[in-house]
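Numbered per the working numbering, the sequence shown spans residues 52 to 258. Cβ coordinates follow ideal geometry from the N, Cα and C atoms, glycine included. Right, one structure below, let's go through it.
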Amino acid sequence: MWKFLTGPFSRWLTTRIEPMAARTKPLLVTGERVGLRDKAEMDAWNDYLWRSDDELAELDATYPLKMTYEQYAPIHKDDLNYISRRSHRFAIVELSEGKHIGNCMYYDLDRRAKEAELGIMIGDRAYWNGGYGTDAVKLLTSWMFNQLELNRVYLKTLDWNVRAQRAFGKAGFTQTGFREQGRYRFMLMDIRRDAWEQMQAVADNAD
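Below, the structure written as structure tokens:
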């Protein structure tokens, strides 16, 4: 599970910038601020930084990595080679520089129920509060409805992460309830196809 992130700067202040390398992997979809592409080996360093960060791990309701980059790199590579029919991961790329700023994914795909869960993380703090996460959520949601032909996309976010909840709301998600899971309490949100189609119609008319 990935979530929008909040809070002050932590120990990781920068990420590796590889704008030209990022452009070598084709974008699958583009929005106003970001595009989505498949994950690649060149993402390993940024992913390591973000997953090793204490604050980001807490916002993701998990524990930070406790290993060296040399130990993590082959695990990252193996994950890329693992193909699942029920999930897929994407890198979020800022369009003007081609910079990898975060990740998103769908998982727990249920083709019979025509629904799946969405997760997202903007790991590069320089891109918080700029609409990049909301743009990425809109892109992935549209991709899931169009490519997977779903009827419902759902997610969960920590109940105290108000910033994330507002961002998801801007992308059309509405609250459906709460869930206790271990020491965490999550807000549940979803968007259904009919609501998404209405949003698309309004956006098309505005153009």
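Ser138 and Tyr120 have their C-alpha atoms some 25 Å from each other. One thing to note: Arg230 has its Cβ within 8 Å of the Cβ of Phe237. In this structure, the straight-line span from the alpha carbon of Asp130 to that of Ala124 is close to 10 Å. Within the region 132-204, the complete alpha helix (DSSP H) segments of 4 residues or longer fall at 183-198, listed in chain order. Around the C-beta of Arg136, fewer than 16 other C-beta atoms lie within 10 Å, and the residue is accordingly described as exposed. Residue nearest to Lys189 within the set Ile242, His151, Asp98, Asn180 is Ile242 (criterion: CA-CA distance).
Each residue's CA atom was taken as its position, placing Thr192 and Leu169 some 8 Å apart. If you ignore the 5 residues before and after Ala222, its C-beta comes within less than 6 Å of the C-beta of Thr185, Val188, Lys189, all in its own chain and listed in chain order.
Secondary structure of Gly223 (DSSP, three-state): coil. For Met240, the enclosing beta strand (DSSP E) has its first and last residue at 235-243. Taking a 10 Å sphere around the C-beta of Trp211, we find fewer than 16 other C-beta atoms and assign the residue as exposed. As a beta-bridge residue in DSSP terms, Thr81 pairs with Gly86.
Inter-residue distance for Gln122 and Leu116 is about 11 Å (C-alpha atoms, whole angstroms). Contact between Tyr205 and Leu239 is confirmed by a C-beta separation of about 7 Å, below the 8 Å threshold.
In this structure, the alpha-carbon of Leu87 lies about 28 Å from that of Met118.
Among the bridge pairs identified by DSSP, Lys207 is matched with Leu239. If you draw a straight line from the Cα of Gln226 to the Cα of Ala246, it is about 14 Å long. Distance from the CA atom of Tyr235 to the CA atom of Trp101, rounded to whole angstroms, is 20 Å. Residue environment: Gln198 is assigned as exposed (fewer than 16 neighbouring CB atoms within 10 Å of its CB, all protein chains considered). Annotation: Phe141 to Ala257 spans about 29 Å, alpha carbon to alpha carbon. Rounded to the nearest angstrom, the gap between the Cα atoms of Asp105 and Thr208 is 17 Å.
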